[in-house]
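>
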Amino acid sequence: NPNDTKRRSRKGPRQKMTKRLWMLLCLLAIMISACAPTPATTAAVTYTDGLNRSVTLAGTAQRIVSLTPSNTEMLFAVGAGAQVVGRDEFSDYPAEAISLPSVGGSMGDYNMEAVAALKPDLVLAGALNTPEQIKALEDLGISVYVLANPVDLEAMFTDLETIGQITGKSQEAEALTASLRARVTAVQEKIAPLSYMPAVFYELDGSDSAKPWTPGPNTFVDMLMQMAGGYNIGGVLTSDWAQISQEELIKQ
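The working numbering applies: residue 824 is where the sequence shown begins, and numbers increase by one.
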């Protein structure tokens, strides 16, 4: 029908414009979804923590209280800083953490009421937190995940990826661990030609200047020193964390 042909020819440009507009809208939707924050998981998830305990969360942790400085640093490192609502007294890095409410922790004394008042859906504890402290928090109806102290870099990478899963930041955690592995490789390549090992003293606590505290052999810090091409002066000690006399320090 000629009239139908004319109608189709008149609609052609309009249909093309409509199709192009639809494609642009689809592209815009994809771009917006890519920039949007990862939605919180609403399904319950069960994890196994560093004490081999099963910890079930109602979904992605959105209100987290950290009980150790290392946990706090890792939470911010994977991009979950906005989900942290409280910290231990010694968590002072990154700078954003300082403004968060403190729940104590000096001499191992935490304010459990202060923790509960923050209404956390997760408390991220560490190996230094005692079973009694963990039970006290669980008795308040608070989920507690204990992150084990890493004994090597791979264990630390696993901790980062675990935190990424718990906080809904898996992609960020994986990107971070990949970056850290690349940095480790770069250091190993630089020190490979070296034929000497500089002696390194790492002071943990110098409140007793005559016998400062330092990491001993087979600790994480000791391992890092060796990987960086150094010799840990505290490696002559017999315990993981110990005091070293000035005489022994000078001798080494």
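Note that CB positions come from ideal geometry on N, CA and C, so glycine has one too.
As the structure is a computational prediction, the values presented were derived from the model and not from experiment.
When you compare the CB positions of Ala-881 and Ala-903, do they come within less than 7 Å of one another, or not?
Not closer than 7 Å, so no.
> Alpha carbon to alpha carbon, how far is Phe-1043 from Pro-973? Give it in angstroms, no decimals.
Whole-angstrom Cα-Cα distance: 7 Å.
> Name the residue from Met-935, Ala-971 and Tyr-1054 whose alpha carbon lies nearest to the alpha carbon of Ile-965.
Among Met-935, Ala-971 and Tyr-1054, the Cα nearest to that of Ile-965 belongs to Met-935.
> Less than 8 Å between the CB atoms is what I'm expecting for Pro-943 and Val-901, so what's the real figure, rounded?
That belief does not hold up - the Cβ atoms of Pro-943 and Val-901 are roughly 18 Å apart, past 8 Å.
> Do Gly-928 and Glu-912 count as a contact pair if the criterion is CB distance below 7 Å?
Yes. Within cutoff.
> Spatial neighbours of Gln-1069 within its chain, please: C-beta separation below 7 Å, excluding the five flanking residues on both sides.
Closer than 7 Å at the Cβ level, and outside the excluded window around Gln-1069, lie Ala-1033.
> Would you report the Cα separation of Pro-954 and Ala-1065, rounded to the nearest angstrom?
Answer to the nearest angstrom: the Cα atoms are 24 Å apart.
> Output the boundary residues of the beta strand (DSSP E) element that contains Ala-1065.
Ala-1065 -> beta strand (DSSP E) spans 1064 to 1066.
> Let me make sure I understand the geometry here. Which of Ser-925, Asp-1031 and Val-1007 has the alpha-carbon closest to that of Gly-1052?
It is Val-1007.
> On the CB-based measure, 16 or more other CB atoms within 10 Å of its CB, does Val-1010 come out buried or exposed?
The residue is exposed, with fewer than 16 neighbouring Cβ atoms inside 10 Å.
> Out of curiosity, what's the CA-to-CA distance linking Ala-1015 and Lys-958?
So the two alpha carbons sit approximately 48 Å from each other.
> Per DSSP, Ile-887 forms a beta bridge with which residues?
Paired residues: Val-907 and Leu-945.
> Helix, strand or coil: which one does DSSP assign to Ala-1022?
Of the three classes helix, strand and coil, the one that applies to Ala-1022 here is strand, per DSSP.
> In chain order, what residues of the same chain have a beta carbon less than 7 Å from the beta carbon of Ser-914, not counting five sequence neighbours either side?
Same-chain partners within the cutoff: Ser-889, Pro-892, Thr-895 and Ala-920.
> From the DSSP output, read off the bridge partner residues of Asp-1028.
Beta-bridge pairing links Asp-1028 to Trp-1036.
> So what does Thr-985 bridge to, in DSSP terms?
Thr-985 pairs with nothing; no bridge assigned.
> Please go through the same chain and pick out, in chain order, the residues whose beta-carbon is closer than 7 Å to the beta-carbon of Thr-871, but skip the five residues on each side of it.
Only Ser-877 meet the Cβ criterion.
> Looking only at its chain, what residues have a beta carbon closer than 7 Å to the beta carbon of Thr-963, apart from the 5 residues adjacent to it on each side?
According to the sequence shown, residue 963 is Leu rather than Thr. Same-chain partners within the cutoff: Met-935 and Ala-939.
> Who pairs with Val-969 in a beta bridge, going by DSSP?
In DSSP, Val-969 forms a bridge with Ala-948.
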